[in-house]
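For my numbering, add 57 to where a residue sits in the sequence shown, where the first one is 1.
Here is the structure we will look at.
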Amino acid sequence: MEPFVINSGRSELWRYPLPGVTGGSGITEVDIIVVELNTPSGETGMGFSYVLGGGGHAVSLMTSNMLQEFVIGKTQIPPQALWHSLTRSLNRLGRGVGYLAISAIDVAAWDLWAKTQNKTLGEVLGGTSKPIPVYGSGGFGPKQPPEDAVKQAIWYVDKGYSAVKLRFAGDFEDIERLRAVREALPDTVKIMGDANEKCDLLTAKWLANACADYNLAWLEEPLKTEDIRGYEQLALHSPIPLATGEHHQGLVELTPFFKSKSCAVVQPDLAMTGGITETMRIATIAGYYGLAVAPHFLPALFVHVAVANPAVKWLEHFPLLEPLFCTTASVDENGMISPPDCSGHGLSWASGVRDEFRVDI
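Encoded structure:
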């Protein structure tokens, strides 16, 4: 492939209000950082990152600065090489906002790289098309009545999903909800539980033991993200596999969890972890340590990583940004998703969303 210049590009901030309080974290809006990279031949790479709970203005400014310094007007280089250049620029800043900015650029760079080769993103990452299982995660809450959780779980099972993920608050109501859902579903359907960092170590030990009778597939984020010692202690005593990763920024923050085997499932988040490039690195190292990978959100994007890396075992259906896309891979009647048959990552924005949600900065 002959090198070409990325002759133009842009970064924008969009603010997307959610229809209500969403997920175990209780968010009500999402800041989205949108990137476009263009070539003289007319190809466009689209990328995005997001911030939950505010702060998108700072990420958007960082993204624009990085585009001007490292990307626009420069000859295209492999996305991995660009990622390393961008992360080196954070040497005296720290990962923080910079990683969220890099994520948007990295996704756009990979989309453009695949399109200029007329291949899917999964193909340029080294994979071939195959279906990947998706678990149902949307529609559950930490204070949800058992009957409502059962109704939502059955909705997923009727759609073909073979696993669902409940939300926990670290109390007895979690067990009542789990018991009701377990009794309502076939034994072949897996159930996961997400505590969204709500427990201290004592409560987490109690919760893990209380869930053991219901064959919970994993207990997600029972402790604070940075509490590696707590996870180590919990992993020694928990009858339930532990999952974490969505709040960690990059491989460097997850490596202690890998080495100590203090989690069994790793859940990189696109924005927090630094994009597709770092997600691939995390999945490769996690696989070396015998850990499963189940990326956070965005199954239509992460399916490309999944087909290229065998450590990725599950993708998550939690429709956060999906209403904004007009083209996306969809989950089939068997609860599986495959990469779309088009070049790049296959995602594009629905008509009118830019004008509706763009924020002037």
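Each residue gets a CB set at the ideal place from its N, CA and C atoms; glycine is no exception.
Nearest neighbour of residue i, chosen from the options [CA to CA]
i	options	result
His361	Ala171, Val410, Thr96	Ala171
Val410	Ser387, Ala269, Ala386, Leu381	Leu381
Phe127	Arg149, His294, Arg67, Pro76	Arg67
Asp215	Val92, Ala328, Thr312, Gly193	Gly193
Lys426	Ser405, Gln125, Pro396	Residue 426 lies beyond the stretch modelled for the chain, which goes from 58 to 418, so this question has no answer here.
Val191	Asp389, Cys399, Gly403, Asp163	Asp389
Ser400	Val154, Thr79, Asp251, Glu180	Glu180
Glu124	Ile162, Thr341, Ala265	Rather than Glu, the amino acid found at residue 124 in this sequence is Leu. Selected option, being the one with the closest Cα: Ile162.
Pro199	Asn391, Asp228, Ala265, Ser408	Asp228
Ile418	Ser160, Tyr218, Leu242, Thr120	Thr120
Ala351	Val108, Val369, Gly344, Ser160	Val369
Cys256	Leu280, Lys187, Trp167	Leu280
Val78	Glu413, Leu377, Trp140	Leu377
Residue(s) in a DSSP beta bridge with residue i
i	result
Arg72	Asp88
Ser405	Thr384
Thr177	Gly401
Met393	Pro190
Ile470	Here the chain comprises residues numbered 58 to 418, so residue 470 is not present and cannot be evaluated.
Ser106	Ile90
Leu276	Gly250, Leu299
Neighbour-count burial assignment, residue i, 16 or more Cβ in a 10 Å radius
i	result
Glu204	exposed
Ala269	exposed
Val309	exposed
Gly111	exposed
Pro136	buried
Tyr213	buried
Arg234	buried
Own chain partners of residue i with C-beta closer than 7 angstroms, once the 5 adjacent residues on each side are dropped
i	result
Gly307	Arg152, Tyr156, Thr330, Gly331, Glu335
Pro60	Thr132, Gln133
Gln209	Gly196, Phe197
Glu86	Arg72, Tyr73, Pro74, Leu75
Ala115	Val154
Own chain, CB closer than 8 angstroms to residue i, minus 5 neighbours either side, in chain order
i	result
Asn64	Asn95, Thr96, Pro97, Ile129, Gly130
Arg236	Pro203, Tyr271
His304	Glu254, Glu278, Thr282, Asp326, Met329
Trp406	Val91, Met103, Leu381, Phe382, Cys383
Ala386	Pro356, Ala357, Val360, Ile394, Ser395, Pro396, Pro397, Gly403
Residue i and residue j closer than 8 angstroms at C-beta
i	j	result
Ala158	Ile90	yes
Leu258	Leu291	yes
Gln324	Ala363	no
Val246	Ala206	no
Leu348	Val322	yes
Val164	Ile339	no
Leu273	Gly287	no
Gly217	Gly392	yes
Leu372	Ile189	yes
Ala267	Ile211	no
Chain-order list of residues whose beta-carbon lies under 6 angstroms from that of residue i (same chain, five-residue window excluded)
i	result
Asn366	Ala340
Pro313	Ile285
Ala265	Leu276, Ser295, Ile297
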